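Structure, as structure tokens:
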Amino acid sequence: MSDDRTKNAIEEMRFRLLIDAVVDYAIYMIDPDGIITSWNAGAKRFKGYEEAEILGQH
């Protein structure tokens, strides 16, 4: 079980590094309730909001 968690953590970290490196596209995630849970540099560039400002907003 620990191996699975380690693999998942590594995959999540790699995914986050990829998303953070993209600046030409706005990439963000919204949960089922419409709350913003992820915000990349491209989203900041196009929308103008810092990650700290937008995370948790509806």
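The C-terminal residue of the sequence shown carries number 1164 in our numbering, and the numbering is unbroken. The beta carbon of each residue, even a glycine, is placed where N, CA and C say it ideally should be. Quick caveat: nothing in here was measured; it's all calculated off a predicted structure.
{"Check": "Would you call the CB atoms of G1162 and I1141 closer than 8 Å?", "Outcome": "yes"}
{"Check": "Distance check for F1152 and D1126, CA to CA, integer angstroms please.", "Outcome": "14 Å"}
{"Check": "Taking DSSP's pairing of strands, which residues face M1135 in a bridge?", "Outcome": "S1144"}
{"Check": "Is the beta carbon of V1128 closer than 8 Å to that of G1154?", "Outcome": "no"}
{"Check": "Starting from D1110, trace the alpha helix (DSSP H) both ways and give me its first and last residue.", "Outcome": "1108 to 1127"}
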